[in-house]
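In this note's numbering, the protein residues as written are 32 to 460.
To keep things clear, I will list the structure first and then write my remarks on it.
Listed below in structure tokens is the structure:
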């Protein structure tokens, strides 16, 4: 048997049987999809990935695998023309000898020879990829009848396959860019809003309580941009007080137990920062129920805040950004704080002040100014009162002492203000 110039009939039959056996083994590949679905490790890994990116990687791997199979079979068609990869391969009519006679360059790839399997595979893969992608350079062409039949079938199948792949890849890439597209859409809407401003600079100069249009426009654009740079980038929201169900729609489709567990992982960290709402007094189930009453608030840079127009006062925990306490604001005047207090990330605000009723404040409310785009977890006062009404130990051991402290601070402040006003009146007299 001469490996350079082919083999005898008996060896051909053996090689053909081996080739058929190897091809039949490819049938096992059909089980890959079933095996991957039944594998807990693969399923767990898949569920942790970004869906769009994982699908794109999956499509690319399928394309690579199909290209590999076709390239191997294309090389096999040249082999069966002479049953050898030796010098006879360049002398018999086949696609390799045709390419060798027209395109071979000394020092380039050489597909002829048993030792040239890498070069032969590279040339076969080159033809496969240009056929699948419909590029078709024309330097590698079918020669024998069998090669033409195979090329015709491949062109028919690859046309449909490539259309399917392109459609899915475009869909995945579009999904990956949806966040950027939403940002551009909302920025365009903001610019359209700004173009509809009617007050001129002269008008704002005549009204001290109205900011200049250019300043307001800049604040609006930066607020929209900050929304998409923050952690809640999946759903741009305005000052609409979204609840957990609105921010994370997936919660609505979960079972009750999973809803509680997921909610705890989202908000329990912030509830624990409020001593009388911690797990020392509330069960995890009660904390989960309270979490569903929490809302998310967003504030732009420079924005001031006293209380929510719908939910009133409550405890705020900074999830992003920072703010400072400016003091108390009444119906007409602002009582400045003696020292400015700064609140940053994971810093609860108004933990003690929330425990006192609005009437006790005497018309004065805390005033805060946000120093940057801020995202706040807000626990309404009404929800806190409901919890303390049912949890007597939370009130007895913790909340009431904080309530008393707040009252003493207010009485001391009012007394000092009274003395200050009396001294001022005495000087005037």
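We put the CB at the ideal spot given by N, CA and C, even for glycine.
If you count every other CB in all the chains shown that lies within 10 Å of the CB of residue i, and 16 or more means buried, which is it?
i, result
"residue 6", "Any question about residue 6 goes unanswered here, given that the chain covers just 32 to 460."
"residue 347", "buried"
"residue 310", "exposed"
"residue 146", "exposed"
"residue 329", "buried"
"residue 195", "exposed"
"residue 426", "buried"
"residue 288", "exposed"
"residue 142", "buried"
"residue 461", "Residue coverage of the chain in this structure runs from 32 to 460, which leaves residue 461 outside it and unanswerable."
"residue 433", "buried"
"residue 422", "buried"
"residue 151", "buried"
"residue 364", "With a pLDDT of 47 at residue 364, under the threshold of 50, the modelled position of that residue is not reliable, and the figure given next carries that caveat. Exposed is the call here."
"residue 173", "buried"
"residue 153", "exposed"
"residue 136", "exposed"
"residue 286", "exposed"
"residue 407", "buried"
"residue 185", "buried"
"residue 168", "exposed"
"residue 350", "buried"
"residue 179", "exposed"
"residue 149", "exposed"
"residue 114", "buried"
Write down the C-beta distance between residue i and residue j rounded to the nearest angstrom, noting that I regard them as a contact closer than 8 Å.
i, j, result
"residue 131", "residue 121", "5 Å"
"residue 358", "residue 398", "6 Å"
"residue 159", "residue 102", "4 Å"
"residue 402", "residue 355", "7 Å"
"residue 324", "residue 411", "6 Å"
"residue 275", "residue 297", "7 Å"
"residue 404", "residue 257", "3 Å"
"residue 189", "residue 162", "6 Å"
"residue 418", "residue 282", "About 21 Å; that fails the 8 Å criterion."
"residue 201", "residue 87", "No, residue 201 and residue 87 are not in contact; Cβ-Cβ is about 11 Å, not under 8 Å."
"residue 345", "residue 400", "Not quite, the Cβ-Cβ distance comes to about 18 Å (not below 8 Å), so this is no contact."
"residue 396", "residue 337", "4 Å"
"residue 112", "residue 175", "6 Å"
Between which residues of its own chain and residue i is the CB-CB distance below 6 Å, once the five residues before and five after are set aside?
i, result
"residue 429", "306 and 307"
"residue 155", "102, 105 and 106"
"residue 303", "309"
"residue 225", "248"
"residue 83", "203, 206 and 207"
"residue 372", "356"
"residue 446", "none"
"residue 443", "none"
"residue 139", "none"
Counting only the same chain and skipping the five closest in sequence on each side, list residues whose C-beta sits under 8 Å from that of residue i.
i, result
"residue 221", "251, 252 and 255"
"residue 342", "272, 326, 409, 411, 412 and 413"
"residue 391", "438 and 441"
"residue 353", "373, 374, 375, 376, 401, 402, 403 and 405"
"residue 90", "196, 199, 200 and 203"
Can you give me the Cβ contacts of residue i inside the same chain, cut-off strictly under 7 Å, excluding the 5 residues immediately before and after it?
i, result
"residue 109", "120, 125, 126 and 127"
"residue 290", "282"
"residue 440", "none"
"residue 193", "163, 164 and 165"
"residue 144", "116 and 117"
"residue 424", "312"
"residue 191", "none"
Regarding residue i and the ligand SAM, is the C-beta to nearest heavy atom distance less than 6 Å?
i, result
"residue 105", "Among the ligands in the structure shown, none appear at all, so the ligand SAM cannot be discussed."
Legend entry - Cβ pair count under 8 Å reaching 3, the stretch 374-386 against the stretch 315-331: no
Legend entry - Complete runs of the alpha helix (DSSP H) confined to the stretch 144-206 [at least 4 residues]: 148-163
Legend entry - 4 or more residues per run - each alpha helix (DSSP H) lying fully within the stretch 369-435: 412-421
Legend entry - 3 or more residues per run - each beta strand (DSSP E) lying fully within the stretch 289-333: 326-330
Inset, instruction - List in chain order: all unbroken alpha helix (DSSP H) runs of 4+ residues lying wholly within the stretch 69-120. - result: 71-79 and 82-113
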